[in-house]
Amino acid sequence: MLIEIIKIFVMITMRKLIRRRWFFFVVSFTIITLLSTYAIHEDSPLPLLAFRFALGFVLVSFVPGYCLMRILFYGDNKIDAIEGLVLSVALSFSIVGLLGIFLGLTGIGLNFASITFSLALIIFLLALIASFKAF
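Taking the numbering used here, the leading residue of the sequence shown gets 5, the next gets one more, and so forth.
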């Protein structure tokens, strides 16, 4: 009896971890991208710069929209993979554009540090909201 209860508990816990796997991926990808953008300087060799630009491009053009899409479409509201990809890119560019307008109109200003940290903050907040909304 006790072994069956433990098996059920482990199965439920594993399902929750599998559902939140995307959250850990988004957070770790954001942290790795932030570290690479600050660790790899503009004087670095071309392969390192290409790696930095590729990570930054994915972070700006896909991740914020994906997190917002996870908030909007959860549970029974499912969309196809292609629709999700296109919607993620469109939402990402919208979020980044609004972020740029906000930073430009406030006293914070538009510089590399303000853009990267505010974008990372938005991604973390959207990912947290989507993670809590799923449960």
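Just so it is clear, CB atoms sit at the ideal spot from N, CA and C, and this is done for glycine as well.
Small disclaimer: the values here were computed from a predicted structure and weren't measured.
{"query": "Taking the straight line between their C-alpha atoms, what separation do you get for Thr41 and Lys137?", "result": "31 angstroms"}
{"query": "Please work out which residues of its chain come closer than 6 angstroms, Cβ to Cβ, to Leu63, disregarding the five sequence neighbours upstream and downstream, and give them in chain order.", "result": "Thr37"}
{"query": "How about the region 82-90 and the region 47-59: do they share at least three Cβ pairs that are nearer than 8 angstroms?", "result": "no"}
{"query": "Does the separation of the CB atoms of Leu114 and Gly104 fall below 8 angstroms?", "result": "yes"}
{"query": "At the level of alpha carbons, what is the spacing between Asp80 and Tyr70?", "result": "17 angstroms"}
{"query": "Could you spell out where the alpha helix (DSSP H) holding Thr34 opens and where it closes?", "result": "25-43"}
{"query": "Comparing C-alpha positions only, which one of Ile35, Arg24, Ala94 sits nearest to Phe121?", "result": "Ile35"}
{"query": "Rounded to whole angstroms, what's the CA-CA distance from Leu123 to Ala131? Just pull it up for me.", "result": "12 angstroms"}
{"query": "Taking its Cβ as the centre, do 16 or more other Cβ atoms sit within 10 Å of Arg74, making it buried, or is it exposed?", "result": "buried"}
{"query": "Can you say whether Leu129 is buried or exposed, counting buried as having 16 or more other CB atoms within 10 angstroms of its CB?", "result": "exposed"}
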